[in-house]
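*Asks:*
Numbering (mature numbering (1 follows the signal peptide of the UniProt record, and there is no 0)), first residue to last: -20 to -1, 1 to 368.
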C-alpha cells in the first residue's frame, strides 16, 4: 500500500472553557490562536523536508527588541488528548527539527521578524493508526511583557494519508458474515448491550428499494432509502425507524463519506453519525442486540441486506463492528485505520488487500468473523485516499 502523510497544525486552547477571551492586555501570544481550534495544514509527500511556520505577536508595539523563546512541550499532550478527545502521541524527535526557536519582535513592531519553522525530515518509523503531535509552547519572553495564557501553546498534529484500493460493490455484489461462526468467548454476540457499525462508502448511484451499508434486516440495519429521500441515512429494525431529517446532513454521490450507526443499550439510545458528526438520534426500548438474529434465514450483510434489491451500489472500505457505543470523537479519530487489537472492536474488514480470485475478506481482529463475497471474485477500485 502506498502511504503519504499530511501535516495539520491545530492551534488550540490551553485553558478551560469554550471561548477564549480577546487579547486586551500587554502580552505576547501565538499569532493565529484566537479561534477555538484554528488550523493550518501542510501535505507531506515523498520529498523531505516539509515545513510549517509558527509566528508570535505582541498586543502592543514594543519599545525595544523583544525575544520570545519557544520549545517542544510533551507535557501538554495529556491536556490535548483530554480537552479535544484525541489520542495523540509525541512525534519522535528523530523525525523533525525546529528552526529559529528564539524569535525577535523588533522595536516599533507587533510581530516577530521571522517565524519558528517546524521541519519534518522523514516519515520513517511512523506507525499506521497513530496520531502524532508536536506541542510547542512559549517558554519565556524578555522584558515586562507576559504571555497570554490560552495563547501559549500550539499543537502540530501529524495526519496520515493512506492510498490504496477499496471493495467495489457498485453492481449487485456484497459480503455475508456469520457471527455464529467466529469467536464466542470474548464478546456475547447474542446479547450485546452496545453496538457500533461504521464504514467509509462512496455511492455511485441510487437504485432499488434501498442502498444498504451493513447490518441485519429487521434487527439493526444502516441504509439509504429511496423515493424522495435520496441521500438520507436510515437506521431500521431496533424497535423503530430513525432517519436523518430532510434538510439535515445528506450524503452525496461520488464522494467518500464516513457513516456510522450506534446502539447504546444502557442509555436506551440509537444514533446516526455522518463524518463523525451526530446527524440524528432517538430513544429505544431495546437493551441489547443479537448479531445472529437474521431475517428469513439470511445473514449479516455488508453492502446489502435481505435481498438483491437493496445493494449499496458503491464502494466500501474500513468496515467495522464494535461491541461498544462510540461517540463522535471516537469516530473522527479512526476513520482511516484503527488498531485491530483495540478494546471493544468486534470485527474489522479493511477491504484494501487486492488478490486475484479473492473471495473472502479476513477479520483483522482475529475473532474469525470472515466476510464472504457474493460473487466469484472481488472487484476493486484503486487509488482511494483517506482522508481525501
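Don't be surprised by glycine CBs; every beta carbon is placed ideally from N, CA and C.
Output yes or no for whether 8 Å exceeds the beta carbon distance between residue 46 and residue 55.
*Replies:* Numbered from its first residue, the chain shown carries residue 46 at position 66. Numbered from its first residue, the chain shown carries residue 55 at position 75. No, the Cβ-Cβ distance between residue 46 and residue 55 is not below 8 Å.
*Asks:* For the putative contact between residue 327 and residue 349, defined by C-beta atoms under 8 Å, what is the C-beta separation to the nearest angstrom?
*Replies:* Here residue 327 refers to the residue found at position 347 when the chain shown is read from its first residue. Here residue 349 refers to the residue found at position 369 when the chain shown is read from its first residue. In this structure, residue 327 and residue 349 form a Cβ contact; the two beta carbons are roughly 4 Å apart against a cut-off of 8 Å.
*Asks:* Name, in chain order, the residues that DSSP records as bridge partners for residue 115.
*Replies:* Here residue 115 corresponds to residue number 135 of the chain shown, with the count starting at 1. Looking at the DSSP assignment, residue 115 forms a beta bridge with 135.
*Asks:* For residue 323 and residue 87, what's the separation of their Cα atoms in angstroms?
*Replies:* Locating residue 323 in the chain shown gives position 343, counting from the first residue. Locating residue 87 in the chain shown gives position 107, counting from the first residue. Cα-Cα distance, rounded: 55 Å.
*Asks:* Excluding the 5 residues preceding and the 5 following residue 303 in the sequence, name in chain order all residues of the same chain whose CB lies nearer than 7 Å to its CB.
*Replies:* The count along the chain shown starts at 1 and reaches residue 303 at position 323. 167, 172, 174, 175, 324, 326, listed in sequence order.
*Asks:* Give the range of the alpha helix (DSSP H) segment to which residue 311 is assigned.
*Replies:* The residue labelled residue 311 in the question sits at position 331 within the chain shown. From DSSP, the alpha helix (DSSP H) with residue 311 extends over 308 to 313.
*Asks:* At a cut-off of 7 Å, would you count residue 201 as near the ligand SAM, judging by its Cβ distance to the nearest heavy atom?
*Replies:* Absence of the ligand SAM is noted for the structure shown, with no ligands found whatsoever.
*Asks:* Locate the beta strand (DSSP E) running through residue 182, then write down its first and last residues.
*Replies:* As a first step, residue 182 is located in the chain shown; it is residue number 202 there, counting from the start. Here the beta strand (DSSP E) through residue 182 covers 174 to 183.
*Asks:* For residue 144, write down the residues that DSSP places opposite it in a beta bridge.
*Replies:* Taking the chain shown and counting its residues from 1, one reaches residue 144 at position 164. According to DSSP, which records beta bridges pairwise, residue 144 is partnered with 364.
*Asks:* Give the secondary structure of residue 45 by DSSP, where H, G and I count as helix, E and B as strand, and everything else as coil.
*Replies:* For the purposes of this step, residue 45 is taken as the residue at position 65 of the chain shown. In this structure, residue 45 counts as coil in the three-state DSSP scheme.
*Asks:* Ignore the nearest five residues each way along the sequence and tell me which others in residue 238's own chain have a CB closer than 6 Å to its CB.
*Replies:* Here residue 238 is taken as the residue at index 258 of the chain shown, counted from 1. Around residue 238: 180, 255, 315.
*Asks:* Distance check for residue 341 and residue 208, CA to CA, integer angstroms please.
*Replies:* Along the chain shown, read from residue 1 onward, the residue named residue 208 stands at position 228. Along the chain shown, read from residue 1 onward, the residue named residue 341 stands at position 361. Going from the Cα of residue 208 to the Cα of residue 341 covers about 34 Å.
*Asks:* Quick one: give me the first and last residue of the alpha helix (DSSP H) that residue 61 is part of.
*Replies:* Residue mapping note: residue 61 aligns to position 81 of the chain shown, counting from 1. Taken as a continuous stretch (DSSP letters only), the alpha helix (DSSP H) holding residue 61 covers 57 to 64.
*Asks:* Once the 5 residues before and after residue 123 are set aside, which same chain residues still bring their CB inside 6 Å of it?
*Replies:* The sequence position of residue 123 within the chain shown is 143, counting from 1. Contacts found: 46.
*Asks:* May I ask you to list the residues that DSSP assigns as paired with residue 70?
*Replies:* Counted from its first residue, the chain shown places residue 70 at position 90. Paired residue(s): 113.
*Asks:* Rounded C-beta distance between residue 370 and residue 52? I'm assuming under 8 Å.
*Replies:* The question about residue 370 has no answer here: the residues shown for the chain are numbered -20 through 368.
*Asks:* From what residue to what residue does the beta strand (DSSP E) around residue 192 run?
*Replies:* Along the chain shown, read from residue 1 onward, the residue named residue 192 stands at position 212. It spans 190 to 196 - the beta strand (DSSP E) in which residue 192 sits, taken as one unbroken run.
*Asks:* Quick one, which of 185, 57, 34, 187 has its alpha-carbon nearest residue 49's?
*Replies:* Numbered from its first residue, the chain shown carries residue 49 at position 69. Of 185, 57, 34, 187, the residue nearest in Cα terms is 34.
*Asks:* Looking at residue 97 and residue 79, is the spacing between their C-beta atoms short of 8 Å?
*Replies:* Translated into positions along the chain shown, residue 79 becomes position 99. Translated into positions along the chain shown, residue 97 becomes position 117. Yes. Within cutoff.
*Asks:* I need the straight-line Cα distance from residue 356 to residue 311, nearest angstrom please.
*Replies:* As a first step, residue 356 is located in the chain shown; it is residue number 376 there, counting from the start. As a first step, residue 311 is located in the chain shown; it is residue number 331 there, counting from the start. Going by the C-alpha atoms only, they are around 33 Å apart.
*Asks:* Among 354, 118, 313, whose alpha-carbon lies nearest the alpha-carbon of residue 10?
*Replies:* Locating residue 10 in the chain shown gives position 30, counting from the first residue. In this structure, 118 is the residue among 354, 118, 313 with its C-alpha nearest to the C-alpha of residue 10.
*Asks:* CB residue 100 to CB residue 279, shorter than 8 Å?
*Replies:* Against the chain shown, residue 100 aligns to sequence position 120. Against the chain shown, residue 279 aligns to sequence position 299. For residue 100 and residue 279, no; Cβs fall outside 8 Å.
*Asks:* Give the C-beta separation of residue 194 and residue 170 to the nearest angstrom, bearing in mind that I take them to be a contact with Cβ-Cβ under 8 Å.
*Replies:* As a first step, residue 194 must be located in the chain shown, where it is residue number 214. As a first step, residue 170 must be located in the chain shown, where it is residue number 190. Not quite, the Cβ-Cβ distance comes to about 19 Å (not below 8 Å), so this is no contact.
*Asks:* Grab the span of the beta strand (DSSP E) containing residue 203 for me, first residue to last.
*Replies:* Position 223 of the chain shown, counting from 1, holds the residue named residue 203. Per DSSP, residue 203 belongs to the beta strand (DSSP E) from 200 to 205.
*Asks:* Can residue 244 and residue 305 be called in contact, C-beta distance under 8 Å?
*Replies:* Here residue 244 refers to the residue found at position 264 when the chain shown is read from its first residue. Here residue 305 refers to the residue found at position 325 when the chain shown is read from its first residue. Between residue 244 and residue 305, the gap from beta carbon to beta carbon is short of 8 Å.
*Asks:* Under 8 Å by Cβ, that's how I've got residue 217 and residue 191 pegged, so tell me the actual separation to the nearest angstrom.
*Replies:* Along the chain shown, read from residue 1 onward, the residue named residue 217 stands at position 237. Along the chain shown, read from residue 1 onward, the residue named residue 191 stands at position 211. About 16 Å separates the beta carbons of residue 217 and residue 191, which is beyond the 8 Å limit, so they are not a contact pair.
*Asks:* Give the DSSP-derived three-state secondary structure of residue 208 in the structure shown.
*Replies:* In the chain shown, residue 208 corresponds to position 228, counting from 1. Residue 208: helix per DSSP, three-state reduction.
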